[in-house]
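Using full-length UniProt numbering, you'd call the opening residue of the sequence shown number 1 and step up by one each time.
Every residue gets a Cβ at the ideal spot worked out from N, C-alpha and C, and that includes glycine.
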Amino acid sequence: MSTPKPYLDTGTSPYIRLSTILRRRTKPLVAAKPNGPLWIAEGLLRDDRALLVDDDAVAPLSGDNHLSTALVDYLLQRSLQPTDLQDTTLVGSANSLHFFHQVNAKIATAPSDPNVAKSVENIRQRCSHYKDNKFEFLSPFCIDHHFVAVKIVFDLRSPDIFHEVSVYDSLIKGGRRNNSVHRNSPPAKYLRSFQQFIANFCLFGNPKCEVLLANPDHIVEKAVYRSCPIQQNGFDCGLFAFGCVLHLLKGLDVSADIFNQQHISKLRESLHAVFTVTDIGSDVPNPRELLSSSFLSSFFPLQSENDCHDDVFLRLLQDLPNNDNDIDAAPDVPGKGPPIELDVVPLHPRLGADPQPEPTRHRDNYFTTQFIEVPKEFEDMSKVDLAIDDYEESSGVRLVIARSRGAGSRLYFCASHTGCSFRAKFGRERGTLPIIYKQELSNPFHCGEPVPPKTKGRAPKKRVRDKLEESVDHVIEVKDSTPVPKDVMKAAANIQSVRASYNQAYRAIGRAVANGPREKQQASFGLIMSYLKHFQLRNEDSTVKAESDADQRLRRLGICPGIMRRSLQHVRPVLSLDGAHLLSKWKGTLYIASVQTACSNIYPVSFAIMKDGEDAEGWKWFLELLVEAIPLLKMQHPDNRCRFCYFTVISDRQKGLIQALQQVFPDNHHCFCSVHIARNVEKEVGKKVAKHVHALSATFSKRKSDELMAKINAISARGKKYLKGISVNQWRSTAWVDDPTLPPRFGIVTTNMSESVNSMVGDARDGSWLECTNDIVRKMMNRICSLREENYGREGVVDKVAEILERRWKSCSNFQVREVVKGGSQFDVFRPSRGASLPETNGLLDVREQTCECGKWQEHGVPCIDAVAYYRLFETQTLQYIMDNHVSEHYKCETVNELLKENIVPVSLDILDQDGVTLPPNCTKRSSGRPRKKRIRKRSRFAHDPDKSPIICSRCKKRGHNVKTCVAREQLEKQHPAELDLS
């Protein structure tokens with residue numbers, strides 16, 4: 001009986017049809033099981049040993065079965081050569097988890113078994129060089145019958161050992177808001193084993209070893225799930241993990257759409273066909289031995305497009321013998337079941353067609369001179385486009401964009417020749433910012449016949465469509481009227497160096513203005529009332545307000561969600577207020593109130609948008625909205641010693657806000673931001689004085705405060721006089737030690753939380769009032785969701801406070817605590833000297849009032865180091881007892897959980913109705929130029945010394961101002977408006 005041979009379809013179809021192929025082989029293959037990760041010094045990818053697979057490893061390819069680790073390792077080795085790997089790239093076996101468990105277990109038995117101890121020492125010697133460089137570890141490991149790819153970048157010389165820990169799981173979508181790896185998940189078990197291996201064998205004898213062993217979840221805390229392709233069945237996880245590692249090894253980024261289930265299915269079927277090929281003749285090499293990287297890469301889109309050379313394996317399959325009679329006569333093999341029927345097995349597109357003569361190729365000398373001979377680096381893709389435009393103009397060759405992946409990668413094809421093989425790849429190298437020409441992924445040769453000319457010989461259009469959109473947007477923002485093509489042509493030439501014709505600019509304006517942002521934003525004002533109504537219906541107890549003028553033009557609106565009535569009793573009672581300018585056509589001012597949670601996270605409370613600038617009237621309207629929405633703000637303080645209300649207000653000393661607070665919140669304590677005071681001092685007397693302001697605000701020590709004031713006085717007496725002019729009890733912490741009736745600030749001496757909220761909603765300020773309102777509401781909702789997920793499952797004192805108390809507990813072991821009066825509540829705590837910077841001191845402590853002369857206990861609500869010494873040495877209490885019973889509720893995770901129970905219900909813009917009445921506010925003509933994203937914080941150096949200013953007013957002849965800001969002019973306008981010469 002003749003030996004069966006596979007049937008090769010010799011038609012023009014780019015597929016090979018294989019049927020009735022037997023699983024019998026001409027010779028058995030021995031399975032070489034990997035003994036450990038492939039990145040050991042004698043790793044399998046770095047020596048001459050070749051992995052082989054047996055029948056048991058190949059058999060799962062024929063059905064819906066999971067693959068073996070031996071087969072995945074075989075494919076991984078075949079896809080790379082040792083020379084392809086960088087010295088700092090480490091590849092782990094699919095069975096590396098078993099190796100980690102095996103060698104980590106030797107640590108426990110090494111002291112009692114000399115052979116095991118010798119084995120451990122050998123492994124440590126082989127791994128010793130991993131302390132000398134930064135490495136990248138990749139592995140498609142298998143755990144619990146599921147393959148997962150992992151990428152770990154670590155540097156044992158760095159204090160933070162693990163720089164990147166990325167997990168690619170084909171069953172979990174990456175890019176989620178909470179993409180951290182759970183500590184009980186299978187990948188976490190693998191990562192802990194890896195960290196234990198690093199500590200035991202790479203960091204042995206190093207202090208970092210004890211740190212890693214003491215915290216097994218250190219690497220898990222840094223691990224995140226990354227976006228990767230998602231499998232559509234339950235058994236192809238091995239090939240998905242192999243594909244992810246293959247792309248990472250080739251320097252390609254892995255994303256959800258880099259390949260899909262169809263590509264993996266084709267790879268699985270083709271691999272089965274390859275491994276089951278039998279008796280191909282003595283003069284033809286075994287296809288299994290020629291299974292190459294280019295064949296495996298051809299099933300992945302990004303990999304295949306980078307493969308520009310002919311593959312030996314593919315040419316071999318084209319030469320397989322063809323005998324239909326032998327196939328029909330193929331019998332079954334005993335013990336192996338019936339023959340396997342395979343439908344069309346897709347291989348590389350070059351397989352099915354008849355061999356074609358190689359077209360004549362010629363090198364592109366223009367491109368070689370401009371990009372290859374002198375390598376260039378580009379900041380972004382716009383610079384690459386400019387370089388390509390120059391190349392096209394000089395060479396006459398037209399290039400088109402074949403694929404663009406964001407702002408960091410682009411592939412150009414030739415459009416001047418039919419079937420041309422030219423390609424130019426631009427992108428970033430891994431870990432670098434500049435964009436470069438990737439020569440190894442490009443082909444600077446042209447082939448094929450020239451493309452027929454266009455009608456009437458017209459040349460191809462330049463790529464200007466996408467480039468003109470930014471120019472049109474610029475003209476719309478800067479010009480108050482409808483843009484014209486001439487404006488767009490000038491803007492394109494000045495901003496982007498693009499030469500656009502009149503017709504191109506005209507069509508770009510038509511696309512942008514027909515449904516442009518201005519028309520949509522103007523129509524959105526008619527939806528605001530409907531939005532506020534739906535918001536109030538969906539969020540009970542919410543307070544919403546809106547005011548319009550006599551012409552029904554909207555002047556102001558404000559929103560405070562109803563959950564704030566209940567939530568604000570679980571935050572630190574310090575309310576930060578600040579304003580920011582809107583950047584849309586209708587301008588306006590955004591007013592925002594925010595607080596801090598027990599975990600020191602930012603928590604926005606309420607906001608308002610007004611037509612006018614930041615003034616006393618606008619602040620009064622917003623504060624009245626807050627009082628109506630949140631009565632808790634004016635609640636009496638639970639501590640009877642405080643003479644102010646429960647909530648303290650901190651601001652940036654804006655004059656209108658100070659006036660409004662005196663009217664609306666007369667019984668609440670008002671504090672000033674130390675950073676804004678420092679900026680004012682810098683304008684007044686310079687940076688040398690300003691750098692001491694924050695320390696002066698934060699210190700509770702009168703001695704240190706006097707020393708700082710003496711330094712300031714030595715630098716500038718005017719600076720000291722300026723600071724003395726600010727009320728002490730509104731910004732300096734020493735006032736809280738002298739006056740116990742002041743409410744605590746919980747260490748909040750700046751308005752950083754407001755600045756953070758302004759940054760958080762920065763993108764929202766570019767849109768219309770409706771878009772801004774909707775974006776802020778959604779950001780507030782998302783903020784609550786993210787904080788809830790971050791705090792899920794936590795109990796007791798928050799981590800930051802627990803660390804502070806632990807440090808104080810360790811530092812106070814040699815303190816001395818003496819009782820002042822027998823049975824009293826006052827104690828003297830003596831601190832011995834701890835070096836020249838910390839001399840011996842003593843302080844008086846009152847445990848009944850929970851106050852200390854250092855001021856920190858009553859300010860923060862957390863026992864200071866003197867209080868911890870008292871509880872530890874005098875009361876003999878444990879640290880856990882102190883955390884549970886003597887720390888304020890404002891630092892408990894339970895308080896955060898209560899705060900985040902409720903959330904805001906957003907409103908969809910698709911359900912809103914036009915009221916047909918509300919109009920946008922009147923806005924003055926915008927000044928020329930692009931609107932600023934950031935305000936100019938510094939004023940003129942002559943602002944506080946106008947007599948030295950070179951500016952002289954033409955009306956009153958005084959220095960420091962011009963005629964537009966002259967006070968005399970304003971008075972004249974009020975007295976004789978008709979006589980004022982406006983010329």
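By the neighbour-count criterion, in which 16 or more other beta carbons inside 10 Å mark a residue as buried, GLU379 falls on the exposed side. Rounded to whole angstroms, PHE141 and SER112 show a C-alpha spacing of 32 Å. Residue nearest to LYS587 within the set VAL571, MET610 and GLN596 is MET610 (criterion: CA-CA distance). The residues GLY448, GLU449 and VAL451, in chain order, have a CB closer than 7 Å to that of THR418 in the same chain once the five nearest residues on each side in sequence are set aside. The alpha helix (DSSP H) runs lying completely inside the stretch 530-585 and spanning 4 residues or more are 564-567, given in chain order. Beyond the five residues adjoining it in sequence on each side, ASP846 comes within less than 7 Å, by CB distance, of SER825 and GLN826 in the same chain, given in chain order. Short of 6 Å from the beta carbon of ASN713, and not among the five residues preceding or following it, lie these beta carbons of its own chain, in chain order: LYS720.
Segment contact: the stretch 748-764 against the stretch 587-596, three or more CB-CB distances shorter than 8 Å; contact assigned. Taken through DSSP and simplified to helix, strand or coil, PHE413 comes out as strand. For LEU845, there is no enclosing alpha helix (DSSP H); the residue is found in the beta strand (DSSP E) stretching over 841-846.
With respect to the C-alpha of VAL245, the residue from ILE107, LEU75 and PHE201 having the closest C-alpha is LEU75. The criterion of a C-beta distance shorter than 8 Å is not satisfied by GLU682 and TYR722. Here the alpha carbon of PHE422 sits roughly 57 Å from the alpha carbon of GLY793. Annotated as distal: VAL103 and ALA241, with beta-carbon spacing of 8 Å or more.
In this chain, GLY427 is not harboured by any alpha helix (DSSP H); it is covered by the beta strand (DSSP E) spanning 423-428. Rounded to whole angstroms, the separation of the alpha carbons of CYS772 and SER888 is 37 Å.
Residue pairing by DSSP puts ASN443 in a beta bridge opposite ARG423.
A distance below 8 Å between beta-carbons, with the five flanking residues on each side excluded, links ARG565 to the following residues of its chain, in chain order: ASP541, ALA629, ILE630, PRO631 and LEU632. At the C-beta level, ILE230 and GLY243 stay beyond 8 Å of one another. For SER96, the three-state secondary structure derived from DSSP is helix.
Per DSSP, the beta-bridge partners of VAL91 are LEU138. Taking C-beta atoms as the reference points, CYS127 and CYS209 fail to come closer than 8 Å. Residue burial is scored here from C-beta neighbours: PRO832 has fewer than 16 other C-beta atoms within 10 angstroms and is therefore classed as exposed.
Contact between the stretch 667-682 and the stretch 774-785 is absent: fewer than three C-beta pairs spanning the two stretches fall below 8 Å. Rounded to whole angstroms, the separation of the alpha carbons of ARG783 and VAL896 is 13 Å. GLU806 counts as exposed, since fewer than 16 other beta carbons sit within 10 angstroms of its beta carbon. In this structure, PHE135 and GLY92 do not form a Cβ contact; the two beta carbons are roughly 12 Å apart against a cut-off of 8 Å. In this structure, the straight-line span from the alpha carbon of LYS106 to that of GLU875 is close to 46 Å. Counting only residues of its own chain and dropping the five nearest sequence neighbours on each side, SER394 has a CB closer than 7 Å to the CB of TYR366. For HIS694, the enclosing alpha helix (DSSP H) has its first and last residue at 693-698. For the pair VAL821 and ALA108, the Cα-to-Cα distance works out to about 56 Å. In terms of CA proximity to ASN842, GLU819 leads the group VAL862, GLU859, GLU849 and GLU819. Taking all protein chains in view, the Cβ of ARG157 is surrounded by fewer than 16 other Cβ atoms within 10 Å, so the residue is classified as exposed. A contact is defined here as three or more CB-CB pairs under 8 Å, and the stretch 551-559 fails this definition with respect to the stretch 571-582. For ASP828, no alpha helix (DSSP H) segment is defined; the enclosing uninterrupted segment is the beta strand (DSSP E) at 826-831.
For ILE911 against HIS534, the beta-carbon gap comes to about 7 Å, under 8 Å, which counts as contact.
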